[in-house]
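Top line first, the protein sequences correspond to chains X and A. For the first sequence, the residue numbers in my numbering are 223 to 388. For the second sequence, the residue numbers in my numbering are 20 to 687. C-beta atoms are modelled at their ideal positions from N, C-alpha and C, and glycine is treated no differently. Everything below concerns the one structure shown next.
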Amino acid sequence: MTTESVSFTVNDSERTTEVTGSETLLDTLRERMGLRGTKEGCLEGECGACTVLLDDRPIDSCIYPTAACAGRAVRTVEGVGEVDAPSLLQQAMVRCGGVQCGFCTPGFVMSLTALLEREANPDREAIQNAISGNICRCTGYTQIVEAVEAVLVESGRANTAQGATS
Amino acid sequence: MAIVVAESREQAQAAADAILLDIEEWEGITLERAAKGDARVIHPEWAKYVPTFGVDHPVSDNCACEVTAEPEGVDEAFARAAHIVEGTYSAQRQYRAYLEPKAATATYEHGRFVITTASQYPFNVRDRIAQLLAVRPSDVRVVGKTIGGGFGAKLDGWVEPLAALAAKVTGRTVSIRTSRAEDMLTCPTRDNATMTIRTALDAEGRMIGREFSCDMDNGAYSGEMPRLASLPLSIIGSVYKMHGPMRASVRLWYTNTAPTGAFRAVNGVYLYMAQEQHMDEIADLLGVDRREYRLRHLFTDGEKSRTGQVFEDASILRTAFDKLEEHAPWQEVLDGLKPNRGVGIAAGVWMTNPMPGEVTIKMYEDGTASLITAANDNGSGAVSMGLTQIVASALGMNEGDVRSSLPDTDVSGYDGGSRGGRTTAIVGTAALEASIRVRDKLLAVAAGLLEASPEDIELIDGHARVKGAPSSAVPLAAVAATATFTTGSISATSSYTSPPIPFDAGCASGALFTTMSTPTYHVHLAVVEVDEVTGHVEVVRYIVVQETGKVINPVGARGQVRGGVVQGIGYSLYESMRIGDDARLVERSLESYRLPLAVDVPEVEIIFMEHPDPLTGHGAKGLGEAPVVLTAAVISTAVRHATGKSFTAIPITPEDVLFALVDAESDS
Chain X
223 MTTESVSFTV
233 NDSERTTEVT
243 GSETLLDTLR
253 ERMGLRGTKE
263 GCLEGECGAC
273 TVLLDDRPID
283 SCIYPTAACA
293 GRAVRTVEGV
303 GEVDAPSLLQ
313 QAMVRCGGVQ
323 CGFCTPGFVM
333 SLTALLEREA
343 NPDREAIQNA
353 ISGNICRCTG
363 YTQIVEAVEA
373 VLVESGRANT
383 AQGATS
Chain A
20 MAIVVAESRE
30 QAQAAADAIL
40 LDIEEWEGIT
50 LERAAKGDAR
60 VIHPEWAKYV
70 PTFGVDHPVS
80 DNCACEVTAE
90 PEGVDEAFAR
100 AAHIVEGTYS
110 AQRQYRAYLE
120 PKAATATYEH
130 GRFVITTASQ
140 YPFNVRDRIA
150 QLLAVRPSDV
160 RVVGKTIGGG
170 FGAKLDGWVE
180 PLAALAAKVT
190 GRTVSIRTSR
200 AEDMLTCPTR
210 DNATMTIRTA
220 LDAEGRMIGR
230 EFSCDMDNGA
240 YSGEMPRLAS
250 LPLSIIGSVY
260 KMHGPMRASV
270 RLWYTNTAPT
280 GAFRAVNGVY
290 LYMAQEQHMD
300 EIADLLGVDR
310 REYRLRHLFT
320 DGEKSRTGQV
330 FEDASILRTA
340 FDKLEEHAPW
350 QEVLDGLKPN
360 RGVGIAAGVW
370 MTNPMPGEVT
380 IKMYEDGTAS
390 LITAANDNGS
400 GAVSMGLTQI
410 VASALGMNEG
420 DVRSSLPDTD
430 VSGYDGGSRG
440 GRTTAIVGTA
450 ALEASIRVRD
460 KLLAVAAGLL
470 EASPEDIELI
480 DGHARVKGAP
490 SSAVPLAAVA
500 ATATFTTGSI
510 SATSSYTSPP
520 IPFDAGCASG
530 ALFTTMSTPT
540 YHVHLAVVEV
550 DEVTGHVEVV
560 RYIVVQETGK
570 VINPVGARGQ
580 VRGGVVQGIG
590 YSLYESMRIG
600 DDARLVERSL
610 ESYRLPLAVD
620 VPEVEIIFME
630 HPDPLTGHGA
640 KGLGEAPVVL
650 TAAVISTAVR
660 HATGKSFTAI
670 PITPEDVLFA
680 LVDAESDS
């Protein structure tokens with residue numbers, strides 16, 4: 223099978239890799255680069271488990287050709303935080319119960335990391351819209367939304383806690 | 020069946036493409052056709068089949084299990100009835116749609132299989148492999164992995180026996196990973212069913228007799244379904260008092276469709292949907308307020324289900340209605356409804372799976388503890404949060420110093436699986452008992468080190484300390500290490516199962532599952548808004564009043580409720596694995612299988628009523644299944660209230676709503 227060489231950054235590191243013509247970014251990340259934090263849920267861009275950031279915007283890596291990433295910046299969950307130093311959002315996801323089985327979590331973290339970079343103080347509707355391409359079958363979403371609101375409070379972006387729970 | 024084993028996906032695909040199948044095509048035998056009783060027999064050899072669970076039960080031709088109750092006096096009740104209310108209700112299949120499709124890896128060496136899989140019930144997978152490959156269970160070792168969601172789909176073996184067989188034949192390590200499309204085709208869905216309830220009422224509106232029938236779809240092969248054919252007897256006719264007998268006929272039908280199976284709260288979701296819609300129809304016929312009618316006939320302490328199970332504390336139901344009333348007064352909710360909105364209210368009883376569980380607690384010489392169990396987290400955090408919290412609290416440790424291991428059937432004691440809300444309640448009890456025994460051993464060793472009596476020592480902050488003398492303390496690390504090099508390292512194992520519940524053995528024939536262990540009581544309320552233009556139904560308010568045991572982890576408990584309610588919203592309004600006329604599944608991808616999204620979800624208002632279970636040391640009862648049980652009941656009755664039209668088939672899609680509204684217009 224013919225391959226071509228593609229160069230792009232992954233979590234700020236320059237990477238050059240051989241890919242086949244139709245190879246998806248998900249396969250490149252998981253199989254060639256060993257970055258297994260990005261998950262395969264459906265292979266058709268429906269569930270959002272494979273969400274990564276391409277030039278700071280969330281995309282479904284399972285239907286995105288790696289060849290189209292040349293010269294661009296890819297960020298995965300491995301670049302968001304370390305096991306010993308999770309991001310504020312990751313900490314809040316755990317604390318607020320925004321994680322149950324955890325399989326969808328990397329995708330949610332990526333979509334929400336992009337939101338938090340894009341908007342200073344998103345309201346509840348904006349948060350819900352930002353994750354409308356991510357499916358979570360366990361949590362019912364509310365505690366994921368609350369985790370984002372907790373980050374806004376903690377980082378001084380929101381003055382009051384929105385939607386505090388009973 | 021053929022399995023292709025290859026070294027790459029491309030190779031496997033090419034080999035699979037080269038296989039020619041010679042298939043004798045049959046007519047589609049769907050539930051509707053099978054239930055007529057005259058369809059072609061799908062398993063002509065049915066009489067030779069090994070009965071599911073080893074227990075014989077009535078089977079005949081396409082009927083995979085039949086449960087019937089024929090009490091006396093039903094016809095007499097209908098003969099003297101002042102009113103008769105009859106309704107037929109149906110539910111479609113629901114796909115579990117966990118985010119991680121199934122996968123397994125197998126090796127076969129020295130006459131033993133080793134299977135690695137994200138299983139909810141590793142011992143069941145072990146036994147299934149042993150059964151299918153005709154080896155002893157001990158010839159199979161199942162090692163569990165963290166589970167990317169299961170909801171019942173990962174209780175039985177499916178990819179695991181295939182991987183095991185392929186490993187044996189090839190002598191190589193074999194992995195199977197299903198794509199989403201394969202997962203949807205092969206995952207047993209929540210069963211579709213059709214129910215009819217016919218109730219005789221006296222002049223006072225009391226239910227004096229009932230006929231109930233239920234046809235359930237088994238699909239082509241049986242897993243747990245024959246057991247579940249008994250559950251309707253425990254549910255229909257419970258919660259609300261009947262003053263007379265109920266004739267019941269439940270039939271589980273073989274169809275030549277993909278098999279069905281147990282999904283969170285199993286058939287409870289559609290049974291309560293039917294029962295509560297029926298209650299609304301009765302109340303409307305009598306001209307009584309729907310909540311008032313329910314309150315008048317609510318179970319009280321000591322009331323019995325149709326299987327003769329006594330609900331000792333059923334008056335908790337009334338307390339639940341009271342709590343709901345304090346939070347959201349019924350009349351205020353009704354008066355405050357905006358146009359196109361409706362409200363539904365429902366009550367139910369649910370159970371905790373009583374299967375046994377075992378835990379070993381082992382102290383390390385650094386003062387931390389290991390929690391060894393075959394119970395696996397199915398996303399609930401019951402092991403990694405709940406159980407570790409119970410152990411840490413009993414041993415005076417930080418939660419981070421208790422680590423839970425993943426299941427391994429060679430190492431852990433038997434466990435009945437992550438299901439039925441049992442892990443915190445059942446396995447938690449075993450964990451607490453094992454912790455208490457470990458604590459006693461730690462105290463005995465610490466007594467020697469501190470020159471004090473064990474009764475005077477407490478375990479706190481990772482230390483053994485003389486009560487009232489904080490300076491007389493030794494770290495648990497020192498205690499554990501001393502034990503290891505003197506009396507022996509410290510560990511303890513305990514197991515627990517709920518005691519059996521008495522029932523009336525003569526209540527029915529064919530019943531395999533007759534009681535609801537450790538019952539809990541629930542009242543839900545939903546407000547929906549119906550869009551007259553699109554037919555879309557939005558759940559705008561949802562309240563859960565849930566009786567629980569002791570809540571061990573409040574954040575996790577709320578997450579279980581919210582997740583359950585949202586699965587129920589999907590079940591009620593969007594999700595349907597349709598069966599085509601050719602008996603094949605219509606849905607092949609998530610593109611046409613609509614799941615609830617963040618934008619579809621209301622803020623679920625949660626009121627827990629804690630009643631610690633006196634039988635378990637920590638007081639927890641099953642909590643994770645119940646939140647889904649009443650969702651279709653309240654949402655379907657709320658849509659009925661909003662539109663004035665009955666929606667007796669679940670899910671209630673925008674098309675259904677529009678058709679009903681158009682009919683209503685043409686009627687007027």
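* **Three CB pairs or more closer than 8 angstroms across the segment 319-330 of chain X and the segment 363-375 of chain X** => yes
* Consult DSSP for E684/A and reduce its assignment to one of helix, strand or coil. => The count along the second sequence starts at 1 and reaches residue 684/A at position 665. Of the three classes helix, strand and coil, the one that applies to E684/A here is helix, per DSSP.
* Take V605/A as the anchor and find which of T276/A, G280/A and L462/A has the nearest alpha-carbon. => Along the second sequence, one-based indexing puts residue 605/A at 586. Closest option to V605/A, Cα to Cα, is T276/A.
* Identified DSSP bridge partners for D236/A -> Position 217 of the second sequence, counted from the first residue, corresponds to residue 236/A. Note: D236/A sits in a beta bridge opposite W272/A.
* Asked: If the cut is a Cβ gap below 7 angstroms, which residues of chain X does R441/A touch?
  -> Here residue 441/A is taken as the residue at index 422 of the second sequence, counted from 1. Simply none; closest approach about 17 angstroms.
* Asked: For G643/A, is the classification buried or exposed, using 16 other Cβ atoms within 10 angstroms of its Cβ as the cut-off for buried?
  -> What you label residue 643/A is simply residue 624 of the second sequence in a count that begins at 1. Per the 10 Å Cβ criterion, buried.
* To do: Keeping to the same chain, check which residues put their C-beta closer than 8 angstroms to that of A502/A; ignore five residues upstream and five downstream.
  => As a working note, residue 502/A is residue 483 in the second sequence. Same-chain partners within the cutoff: M382, K460, L461, V464, S508 and I509.
* Is DSSP giving W349/A helix, strand or coil here? -> In the second sequence, counting from the first residue as 1, residue 349/A sits at position 330. Helix at W349/A.
* When the Cα atoms are used, what is the spatial distance from T242/X to C272/X? -> One-based indexing of the first sequence puts residue 242/X at position 20. One-based indexing of the first sequence puts residue 272/X at position 50. In a straight line, the C-alpha of T242/X is about 19 angstroms away from that of C272/X.
* Rounded to a whole number of angstroms, what is the C-alpha to C-alpha distance between A496/A and G638/A? -> Indexing the second sequence from 1 puts residue 496/A at position 477. Indexing the second sequence from 1 puts residue 638/A at position 619. Rounded to whole angstroms, A496/A to G638/A spans 30 angstroms at the Cα level.
* Helix, strand or coil: how does DSSP classify V623/A here? -> Here the question's residue 623/A lines up with position 604 in the second sequence. Reduced to three states, the DSSP call for V623/A is strand.
* Asked: DSSP puts D420/A in a beta bridge; with which residues?
  -> For this step, residue 420/A is matched to residue 401 along the second sequence. Answer is none; D420/A lacks a bridge partner.
* Asked: Can you tell me where the beta strand (DSSP E) with A295/X in it begins and where it stops?
  -> Your numbering for residue 295/X matches position 73 in the first sequence. Per DSSP, A295/X belongs to the beta strand (DSSP E) from A295 to R297.
* **Reduced DSSP category for M298/A - H, G, I as helix; E, B as strand; rest coil** => As a position in the second sequence, residue 298/A is number 279, starting the count at 1. Residue state, collapsed to three classes: helix.
* Asked: Should V13/A and A453/A be called a contact, given that it needs their Cβ atoms to be closer than 8 angstroms?
  -> Residue coverage of chain A in this structure runs from 20 to 687, which leaves residue 13/A outside it and unanswerable.
* Asked: How is G106/A classed by DSSP in three states: helix, strand or coil?
  -> Taking the first residue of the second sequence as position 1, residue 106/A is located at position 87. Correct three-state label for G106/A: strand.
* According to DSSP, residues forming a beta bridge with H541/A -> On the second sequence, residue 541/A is found 522 positions in, with the first residue counted as 1. Bridge partners of H541/A: G367/A and Q565/A.
* CB contact below 8 angstroms: R677/A versus chain X -> As a working mapping, residue 677/A is identified with position 658 in the second sequence. For clarity, residue 677/A is Leu in the given sequence; the question names Arg instead. L677/A does not count as touching chain X.
* To do: Classify T364/X as helix, strand or coil using the three-state DSSP reduction.
  => As a first step, residue 364/X is located in the first sequence; it is residue number 142 there, counting from the start. T364/X falls in the helix class under three-state DSSP.
* Asked: DSSP three-state call for V373/X: helix, strand or coil?
  -> Here residue 373/X is taken as the residue at index 151 of the first sequence, counted from 1. If DSSP states are grouped into helix, strand and coil, V373/X belongs with the helices.
* Asked: From G385/X to I625/A, what distance separates their C-alpha atoms?
  -> Position 163 of the first sequence, counting from 1, holds the residue named residue 385/X. Position 606 of the second sequence, counting from 1, holds the residue named residue 625/A. Because the pLDDT at G385/X is just 44, under 50, the model does not fix this residue reliably, and the point stays unresolved.
* Beta-carbon contacts of I445/A that lie in its chain and below 6 angstroms, excluding the five residues immediately before and after -> Counted from its first residue, the second sequence places residue 445/A at position 426. Within the same chain, I445/A has close Cβ partners G376 and Y515.
* **Chain-ordered neighbours of R199/A on chain X, where CB pairs are closer than 9 angstroms** => The sequence position of residue 199/A within the second sequence is 180, counting from 1. Going along chain X in sequence order, the residues near R199/A (Cβ under 9 angstroms) are E262, G263, C264, L265, E266, E268 and C269.
* **Helix, strand or coil at L531/A according to DSSP, with G and I counted as helix** => Sequence index remark: in the second sequence, residue 531/A carries index 512 (1-based). Of the three classes helix, strand and coil, the one that applies to L531/A here is coil, per DSSP.
* Following the continuous beta strand (DSSP E) through P494/A, name the residue where it begins and the one where it ends. => Working through the second sequence from its first residue, we reach residue 494/A at position 475. A488 to P494 is the extent of the beta strand (DSSP E) around P494/A.
* Got a sec: is the Cβ-Cβ distance from Y286/X to anything in chain A below 8 angstroms? -> The residue labelled residue 286/X in the question sits at position 64 within the first sequence. It does not: the Cβ of Y286/X has no partner Cβ on chain A nearer than 8 angstroms.
* Which chain A residues sit within Cβ distance under 7 angstroms of S354/X? -> What you label residue 354/X is simply residue 132 of the first sequence in a count that begins at 1. In chain order: L616, A617 and V618.
* Asked: Is it true that the CB of L334/X sits closer than 8 angstroms to the CB of L310/X?
  -> On the first sequence, position 88 is the one that residue 310/X refers to. On the first sequence, position 112 is the one that residue 334/X refers to. It is not a contact, given that the beta carbons lie outside the stated cut-off.
* Asked: So T107/A packs on T213/A, CB below 8 angstroms; how close in whole Å?
  -> Position 88 of the second sequence, counted from the start, is the residue given in the question as residue 107/A. Position 194 of the second sequence, counted from the start, is the residue given in the question as residue 213/A. Indeed they touch by this definition, with Cβ atoms about 7 angstroms apart.
* Leaving out the 5 sequence neighbours to the left and right, which residues in its chain are closer than 8 angstroms to S388/X when beta-carbon positions are compared? -> Taking the first sequence and counting its residues from 1, the one referred to as residue 388/X is at position 166. Low per-residue confidence applies at S388/X: pLDDT is 36, beneath 50, and the placement is therefore not dependable enough to give any value.
* Asked: Between C360/X, S235/X, T361/X and L374/X, which lies nearest to I349/X when the distance is taken from Cα to Cα?
  -> If you number the first sequence from 1, residue 349/X lands on position 127. The shortest Cα separation from I349/X among C360/X, S235/X, T361/X and L374/X belongs to L374/X.
* To do: Report the rounded CA-to-CA distance for L305/X versus V321/X, giving the unit in angstroms.
  => Against the first sequence, residue 305/X aligns to sequence position 83. Against the first sequence, residue 321/X aligns to sequence position 99. Per the sequence shown, residue 305/X should be read as Val rather than Leu. So the alpha carbons of these two residues sit roughly 15 angstroms apart.
* To do: For D396/A, verify whether its CB is less than 7 angstroms away from any heavy atom of the ligand SAM.
  => What this structure holds is no ligand at all, so the ligand SAM is not there to describe.
* From this set, I353/X, C318/X and E262/X, which residue's C-alpha is nearest V620/A's C-alpha? -> Translated into positions along the second sequence, residue 620/A becomes position 601. Ranking I353/X, C318/X and E262/X by Cα distance to V620/A puts I353/X first.
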